[in-house]
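Written below as structure tokens is the structure these notes are about.
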């Protein structure tokens with residue numbers, strides 16, 4: 038087992054909005070998460086990084102119940118998620134999720150994509166939902182694309198609609214699973230600029246990404262994972278300038294080489 042660094046404690050004070058203790062996730066005999074201990078403070082901005090297959094996406098997907106876990110405990114805000122899936126509906130109302138793919142409804146415009154869940158889940162009137170959707174599409178720089186359908190938008194624009202749609206639900210926590218991985222290189226910056234804007238707000242943010250420039254600039258804390266474990270939990274300055282484990286040093290040298 039790789040030794041974990043103590044450069045920054047994995048736990049925080051009682052104001053944590055996410056708390057994992059001994060979390061384990063398996064697919065048959067394959068261990069994806071191996072005893073994760075992690076607490077996230079309200080308003081904290083965390084970037085989760087590491088090699089492919091290290092458990093990064095599974096970690097954040099457990100937070101909103103998209104992945105079930107078999108052992109340990111997981112609390113999101115005041116709701117305890119059970120291994121049987123209990124608490125999932127409450128947690129999903131409090132978390133926003135942005136995926137690698139955009140998952141927009143192709144038959145709905147950008148505006149309609151952002152309005153739908155507001156009306157059906159939040160029970161807002163169409164007028165209220167439209168007002169909020171217009172404001173958030175403007176916030177992500179798409180005020181001129183509100184009536185465009187996904188097929189009429191670039192990949193970067195579709196991902197920005199997906200972010201606006203998630204924000205329309207007033208989430209307390211935003212989860213982003215490699216939001217730029219499906220984009221052409223020239224589209225990455227426009228999405229990262231939007232995510233950076235989120236990081237400057239008071240929202241709690243957990244973002245899985247390989248974009249180390251964004252991680253260095255926007256994160257309060259870097260979580261580095263390998264083989265289903267948290268190997269380092271550190272400030273960006275500490276992680277990038279003085280990584281504590283050989284595995285992290287190797288990972289960073291490969292990133293820099295590319």
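Residue numbers (our numbering): 38 to 295.
Every residue, glycine too, gets a C-beta built ideally from N, C-alpha and C.
As the structure is a prediction and not an experimental result, all values here were calculated from the model.
So for residue 182, helix, strand or coil by DSSP? Of the three classes helix, strand and coil, the one that applies to residue 182 here is coil, per DSSP.
Would you report the Cα separation of residue 235 and residue 242, rounded to the nearest angstrom?
Between residue 235 and residue 242, the C-alpha separation is close to 8 Å.
| field | For residue 129 and residue 154, the rounded distance between their alpha carbons | value | Taking the straight line joining both Cα atoms gives about 12 Å.
- Can you round the beta-carbon distance between residue 220 and residue 196 to whole angstroms, since I take them to be within the 8 Å contact cut? Going by Cβ atoms, the distance from residue 220 to residue 196 rounds to 7 Å, so yes, they are a contact pair.
Handout entry: alpha helix (DSSP H) segments (min. 4 residues) lying fully within the stretch 75–161
Key = The DSSP assignment places complete alpha helix (DSSP H) segments of no fewer than 4 residues inside the stretch 75–161 at 93–100, 125–131, 147–157, in order along the chain.
Query raised in the report: Do the CB positions of residue 244 and residue 228 come within less than 8 Å of each other?
Result: No.
If you drop the 5 nearest sequence neighbours on each side, which residues of the same chain put their C-beta closer than 8 Å to that of residue 163? Within the same chain, residue 163 has close Cβ partners 152, 156.
Using three-state DSSP, classify residue 278 as helix, strand or coil. DSSP, read as helix, strand or coil, puts residue 278 in helix.
Span of the beta strand (DSSP E) holding residue 177?
-> First-last for residue 177: undefined, no H or E at that position.
Taking the Cβ atom as the reference point for each residue, do residue 81 and residue 253 lie within a distance shorter than 8 Å? Contact flag unset, no.
Review point. Run through DSSP, which three-state label would residue 219 get?
Key: When secondary structure is reduced to three states using DSSP, residue 219 falls in the coil class, being assigned neither helix nor strand.
- Round the Cβ separation of residue 75 and residue 267 to the nearest angstrom and send it over; I've been treating them as touching at under 8 Å. Right, the Cβ-Cβ distance comes to about 6 Å (below 8 Å), so this counts as a contact.
| query | Looking only at its own chain, which residues have a Cβ that is under 8 Å from the Cβ of residue 66, when we skip the five neighbours before and after it? | reply | Closer than 8 Å at the Cβ level, and outside the excluded window around residue 66, lies no residue.
### Message
Is it buried or exposed, residue 216, if we count other Cβ atoms within 10 angstroms and call 16 or more buried?
### Response
The residue in question, residue 216, is buried, as its Cβ has 16 or more Cβ neighbours within 10 Å.
* Asked: In three-state DSSP terms, what is residue 57?
  -> In the three-state reduction of the DSSP assignment, residue 57 falls in the strand class, which pools E and B.
- Item | Residue closest to residue 230, alpha-carbon to alpha-carbon, out of 176, 123, 68 | It is 176 whose Cα lies nearest to the Cα of residue 230.
Practice item. Report the rounded CA-to-CA distance for residue 101 versus residue 58, giving the unit in angstroms. Key: When rounded, the distance between both Cα atoms is 16 Å.
**Prompt:** Could you check where the alpha helix (DSSP H) with residue 252 kicks off and where it finishes?
**Reply:** Note, residue 252: alpha helix (DSSP H), 249–255.
| Based on the DSSP output, what are the partners of residue 205 in its beta bridges? | When DSSP reads this structure, residue 205 sits in no beta bridge, so it has no partner.
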